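In what follows, a structure is listed as structure tokens, so that the remarks can point back to it.
Residue numbers (UniProt numbering): 1 to 299.
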């Protein structure tokens, strides 16, 4: 018998294991996986579009009065009913979205820009500048947001500009604190030391290198604060310190229907549902962004 016939057949070579990707999904990938975030974005985008094209979407003029149709319940002609002056509530809710969303977005944007810049400067320089800014921030944060807004609007007067200013002032301290804390941690990183070694100036380091690396936290805070700003505007309008009538705002419409709440429930319920819907949508966006930018989130 030959040696080739006597030797056992060679064992097959083991299959190489399939390559495993160790790269963590990007923030964009995690964001697009979040159903809550996508739902919130769709809802907010729909509200913005409705508010932007209110003149085409609203079935009636929001200020058109018809005393014959006062306090008519929801019907095929008036889906949300009419108010005490015979005005279509659906049209007023649609037009009210313009004011409420505009005030919320502009006030939050002002708070983000001013608060973030001050917070970055405070955290980067430290020392006496940081102590002074921190003390002023603590004083402002000691006041409840609604109380501070109420005081400012009561002193300045209830109009659109003063309303935006008051809400922006209440937002600035929160963004100062967030930006300052993130900057304190970021300025100790190696890339900041490398920038200093290359001779970069403080402004360049703060706003071209530190600021982009803390924007994820600022954006998450902004999405959550936007809901607070809209709620504050509605609350101030409800107590009579918002944009003066007959301009339609969500809080103002709720206030107009408060006196007839038992007899004409639709006057307050439908604008309140609009406020609730935008609160839920913005909180979904904030939670989704927080999960997407959190490196400790499950992959």
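Each residue gets a CB set at the ideal place from its N, CA and C atoms; glycine is no exception. Keep in mind that this is a model prediction, so the values were computed, not measured.
| query | result |
| --- | --- |
| Going by DSSP, what residue range makes up the alpha helix (DSSP H) through residue 225? | 211-238 |
| Please report the straight-line C-alpha distance between residue 252 and residue 134, rounded to a whole angstrom. | 36 Å |
| Using the three-state DSSP reduction, which class does residue 24 fall into: helix, strand or coil? | Because the pLDDT at residue 24 is just 48, under 50, the model does not fix this residue reliably, and the value given afterwards should be weighed accordingly. Residue state, collapsed to three classes: coil. |
| Excluding the 5 residues flanking residue 229 on each side, which residues of the same chain have their C-beta closer than 6 Å to its C-beta? | 104, 107, 108 and 167 |
| Taking the CB atoms as reference points, tell me whether residue 301 and residue 89 lie closer together than 8 Å. | Not covered by the structure: residue 301. The range shown for the chain is 1 to 299. |
| What's the call for residue 99, buried or exposed, on a 16-neighbour Cβ count within 10 Å? | buried |
| Between residue 219 and residue 175, which are expected to be in contact by the criterion C-beta below 8 Å, what is the C-beta distance as a whole number of angstroms? | At roughly 11 Å, the Cβ-Cβ gap does not stay under 8 Å, so residue 219 and residue 175 are not in contact. |
| Relative to the C-alpha of residue 84, which candidate in 292, 78, 76 and 67 has its C-alpha closest? | 67 |
| Who pairs with residue 82 in a beta bridge, going by DSSP? | 88 |
| According to the Cβ coordinates, are residue 35 and residue 287 closer than 8 Å? | no |
| Tell me the rounded alpha-carbon separation between residue 254 and residue 238. | 7 Å |
| Using only alpha-carbon positions, find the residue among 204, 198, 282 and 234 that is nearest to residue 117. | 204 |
| Is it true that the region 172-191 meets the region 120-139, where meeting means three or more beta-carbon pairs spaced less than 8 Å apart? | yes |
| Under 8 Å, do residue 241 and residue 150 count as touching if we go by C-beta distance? | yes |
| Comparing C-alpha positions only, which one of 159, 170 and 189 sits nearest to residue 140? | 170 |
| Between the C-alpha atoms of residue 153 and residue 198, what's the straight-line distance to the nearest angstrom? | 48 Å |
| I'd like the ranges of any alpha helix (DSSP H) spanning at least 4 consecutive residues and lying wholly in the region 86-153. | 89-125 and 127-141 |
| Within the same chain, show all residues whose beta-carbon is closer than 6 Å to that of residue 281, passing over the 5 residues directly before and after it, in chain order. | 40, 43 and 44 |
| Decide if residue 58 is buried, meaning its Cβ has at least 16 other Cβ atoms within 10 Å, or exposed. | buried |
| Per DSSP, what kind of secondary structure is residue 287 in: helix, strand or coil? | helix |
| I need the boundaries of the alpha helix (DSSP H) containing residue 173, first residue and last residue. | 160-186 |
| Is the separation between the beta-carbon of residue 65 and that of residue 92 shorter than 8 Å? | no |
| Are residue 81 and residue 264 close, meaning C-beta to C-beta below 8 Å? | yes |
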